[in-house]
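Input: a single structure, listed below in structure tokens.
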Amino acid sequence: MECYFYTKVMDKREDGHHNAVLSFSIPDAGILFRTRFSGSPEECEYASLLTLLEFVELNPQVFRDRTIEIYGDSFAVVNQINEKMYCARDLQPFRNMALLFRNKFTYSLNWIPERENPAQNNLNAD
Numbered sequence: 007m008e009c010y011f012y013t014k015v016m017d018k019r020e021d022g023h024h025n026a027v028l029s030f031s032i033p034d035a036g037i038l039f040r041t042r043f044s045g046s047p048e049e050c051e052y053a054s055l056l057t058l059l060e061f062v063e064l065n066p067q068v069f070r071d072r073t074i075e076i077y078g079d080s081f082a083v084v085n086q087i088n089e090k091m092y093c094a095r096d097l098q099p100f101r102n103m104a105l106l107f108r109n110k111f112t113y114s115l116n117w118i119p120e121r122e123n124p125a126q127n128n129l130n131a132d
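If you want the working numbering, it's the position in the sequence shown, counting the first as 1, plus 6.
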């Protein structure tokens, strides 16, 4: 089952963090989820993926006997989790959480261009 994650980073706050909208989409199940998050742009991207992974874990009936293929347009997140790119120390806890989910269920993680990511639909209309 194809799943997609996306982050729309908004304004920068006085404390240096950014406000963002996190989104994930599971088109075959008719699911589109969005929430707000605050952190660095990279933390927001990881949070989007981790939110999707937690949803998968909490809803095994949706994914039973299905191959889970996750796609995102964050080149850094995809390659850091796939251990093809250096991960800064401050992001390692996020990467490690994503890797721990692989102990719970199998998933592949691949990069796609933003324009092909259904999780961003209607977020970039401005």
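Even for Gly, the Cβ is constructed at its ideal location relative to N, Cα and C.
**OP:** On a CA-only basis, which of 97, 35, 78 and 67 is nearest residue 54? Give me that one, please.
**Re:** Taking the first residue of the sequence shown as position 1, residue 54 is located at position 48. For the residues 97, 35, 78 and 67, the minimum Cα distance to residue 54 belongs to 78.
Original post:
Straight-line CA distance for residue 46 to residue 112?
Top reply: Mapped onto the sequence shown, residue 46 falls at position 40. Mapped onto the sequence shown, residue 112 falls at position 106. Between the alpha carbons of residue 46 and residue 112 lies a gap of roughly 28 Å.
Original post:
How would you write the range of the alpha helix (DSSP H) that residue 61 sits in, first residue to last?
Top reply: One-based indexing of the sequence shown puts residue 61 at position 55. Start and end: 47-64.
**OP:** Out of 71, 40, 70 and 68, point me to the one whose CA is closest to residue 57's CA.
**Re:** Residue 57 sits at position 51 when you count from the first residue of the sequence shown. Nearest Cα to residue 57 within the set 71, 40, 70 and 68: 40.
Original post:
residue 73 bridges to which residues according to DSSP?
Top reply: Along the sequence shown, read from residue 1 onward, the residue named residue 73 stands at position 67. BP columns for residue 73 are empty, so no partner.
Original post:
Can we say the stretch 28-38 touches the stretch 80-87, given the rule of at least three CB pairs closer than 8 Å?
Top reply: no
**OP:** Just the C-alpha distance for residue 89 and residue 13, rounded to the nearest angstrom, thanks.
**Re:** Residue numbering aside, residue 89 sits at position 83 when the sequence shown is read from its first letter. Residue numbering aside, residue 13 sits at position 7 when the sequence shown is read from its first letter. Each residue's alpha carbon lies about 21 Å from the other.
Subject >> Proximity to residue 48 [Cα-Cα], best of 118, 28 and 127 >> reply: Here the question's residue 48 lines up with position 42 in the sequence shown. Comparing alpha carbon positions, the residue from 118, 28 and 127 closest to residue 48 is 28.
**OP:** Taking residue 87 as part of the alpha helix (DSSP H), name the residues at either end of that continuous run.
**Re:** Taking the sequence shown and counting its residues from 1, one reaches residue 87 at position 81. Looking at the DSSP string, the run of the alpha helix (DSSP H) that includes residue 87 is 81-87.
Subject >> Selection from 17, 60, 52 and 127 that minimises the alpha carbon distance to residue 96 >> reply: Here residue 96 refers to the residue found at position 90 when the sequence shown is read from its first residue. Distance from the Cα of residue 96 is smallest, within the candidate group 17, 60, 52 and 127, for 52.
**OP:** Starting from the N-terminal side, write out each stretch of the beta strand (DSSP E) that is 3 residues or longer and does not extend beyond the stretch 91-126.
**Re:** The qualifying runs are 113-117.
Subject >> residue 102 classed as buried or exposed, judged by whether at least 16 other C-beta atoms fall within 10 angstroms >> reply: Numbered from its first residue, the sequence shown carries residue 102 at position 96. That one is exposed.
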